[in-house]
Amino acid sequence: MDSVNPDHPPLRVTPATPHVWMFWGTALWGLLIFVAMFVGQIGAIVLLVAERGLPVNLASLQLVGREPQALALSVTMGLPATLAAVWLAIRIKQASFVDYLALHWPAWRQLLFGAVGLILLVLAWETMSRALGREATPGFMADLLKSGRDKGAAMVLLFAFSVAAPMSEEVLARGFLYRGWSASFLRVPGAILLSSLVWTVVHLQYDMYFLAEVFTIGLWFGYMRYRANSLWLTTVLHALNNLTAVVLTMWLGV
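In this note's numbering, the protein residues as written are 74 to 327.
Here is the structure:
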């Protein structure tokens, strides 16, 4: 037999490399993806500063970064940087980009269910905010959006916050992070919880009250990502949520 013949040793079957990054691989790549998003965003501001002949320092970055058009460009440029980093991470695993991120269009009933749940959740937070005498939108965001409207930057801000930001954040949180962590020891519940926490950390410019709202919305998005197995679903829900907030704040002053 070949198994005892020294001239014909038994074949060794090499285990296939998993096509999904597990817990630590997902965490480390997630950090790199976040850094790429940040570099893309800050890089846009640096280019604007250099283009104007200003010194590239913190003061100049802050000055230009406060402008509505510059901020819109910054948020938008975070998207290609994020997609490139995610593509590289998935490419190394020789996995399908579409399947890894669950880029499948959901059933309409799933979209409707997710939208109704999101509306109820937002209304609950809105009611609580009014009961506590709090503003429904963070003051600095309201000022930014109204300033952008008055300076002719309404459409670029609308695109940045309703298209680019939701896509970047969903690809990172409910796309890459959820995919790897749900396949690890965390399983689905832990992946939903931890990816929602990371998504909340991305919004540290808000106070604790708004961070709590972001976290609960993240949990709902995570559940819908699991239920429908579709990143497009959470991206559309995220975009609708941001679009509504931008329109209400920018044009209706709510």
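For every residue, glycine included, the Cβ atom is placed at its ideal position computed from N, Cα and C.
CA-to-CA distance, residue j to residue i, given in whole angstroms
i	j	result
residue 172	residue 120	35 Å
residue 183	residue 309	12 Å
residue 234	residue 285	20 Å
residue 299	residue 293	10 Å
residue 167	residue 283	39 Å
residue 270	residue 295	11 Å
residue 276	residue 244	16 Å
residue 87	residue 133	For residue 87, the predicted model reports a pLDDT of 42, less than 50, meaning its position is unreliable; a value from the coordinates is still stated below. Distance between the alpha carbons of residue 87 and residue 133 is about 55 Å.
residue 312	residue 236	6 Å
residue 148	residue 256	30 Å
residue 262	residue 124	47 Å
residue 315	residue 239	8 Å
residue 99	residue 92	12 Å
residue 336	residue 190	Residue numbering for the chain in the displayed model covers 74 to 327; residue 336 lies beyond these limits and cannot be assessed.
residue 97	residue 225	45 Å
residue 76	residue 260	The pLDDT assigned to residue 76 is 48, lower than 50, so where the model puts this residue is not dependable; a value taken from the coordinates is nonetheless given after this. C-alpha separation (whole angstroms): 40 Å.
DSSP state of residue i mapped onto helix, strand, coil
i	result
residue 278	coil
residue 127	coil
residue 180	coil
residue 135	helix
residue 92	coil
residue 302	coil
residue 270	helix
residue 75	Confidence at residue 75 is low in this model, with a pLDDT of 47, below 50, so the placement of that residue is unreliable and no value is reported for it.
residue 317	helix
residue 117	helix
residue 174	coil
residue 285	helix
Near the ligand FMN: residue i beta-carbon under 6 Å from a heavy atom
i	result
residue 282	Looking at this structure, you won't find the ligand FMN or any other ligand, since it has none at all.
Contact set for residue i: own chain, Cβ-Cβ below 8 Å, skip 5 residues either direction
i	result
residue 203	209
residue 105	158, 162
residue 280	211
residue 112	154
Residues of its chain near residue i, where Cβ-Cβ distance is below 6 Å and the 5 sequence neighbours each way are ignored
i	result
residue 103	250
residue 215	322
residue 175	302, 303, 304
residue 248	174, 304
residue 317	none
Range of the contiguous alpha helix (DSSP H) that encloses residue i
i	result
residue 142	141–165
residue 325	That residue, residue 325, is in no alpha helix (DSSP H); it is neither H nor E in DSSP.
Contact set for residue i: own chain, Cβ-Cβ below 7 Å, skip 5 residues either direction
i	result
residue 194	289, 290, 293
residue 220	141
residue 170	160, 163
residue 273	284, 287, 288, 291
Whole runs of the alpha helix (DSSP H) within the segment 195–263, excluding any shorter than 4 residues: 212–223, 227–232, 238–243, 251–255
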